[in-house]
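Under numbering that gives the first Met the number 0, the first residue of the sequence shown carries the number 0, and numbering increases by one thereafter.
Even for Gly, the Cβ is constructed at its ideal location relative to N, Cα and C.
A quick note: this is a predicted structure, and the numbers were derived from the prediction, not measured.
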Amino acid sequence: MVSPADTALISESGEERRRFVNLVLSQLDREYMSTLQQYNRLLLQRNRLLKEGSADEDYLDVLD
0 MVSPADTALI SESGEERRRF VNLVLSQLDR EYMSTLQQYN RLLLQRNRLL
50 KEGSADEDYL DVLD
């Protein structure tokens, strides 16, 4: 059965869908949550380095 909240997932932004999928997968697999947290930390670090312009090209290649 599809509820109004379920239809919102379809019509909302991709960000909302990703958040929902990440939430479900995190409940099913603890390692997924740990990996997701690590990914988000690295993404923040990468974006900060790019914004500051102080990024080493080789290091950015590793992050990408």
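When the Cα of residue i is compared with those of the options, which residue comes out closest?
i	options	result
residue 61	47, 41 and 22	41
residue 43	8, 59 and 11	59
residue 57	45, 50 and 51	45
Can you list, in chain order, the residues of its chain whose CB lies under 7 Å from that of residue i, leaving out five sequence neighbours each side?
i	result
residue 8	15, 16 and 19
residue 12	none
residue 35	21 and 25
Near residue i, which residues of its chain fall below 6 Å by C-beta distance, leaving aside the five closest residues on each side in sequence?
i	result
residue 32	25
residue 48	54
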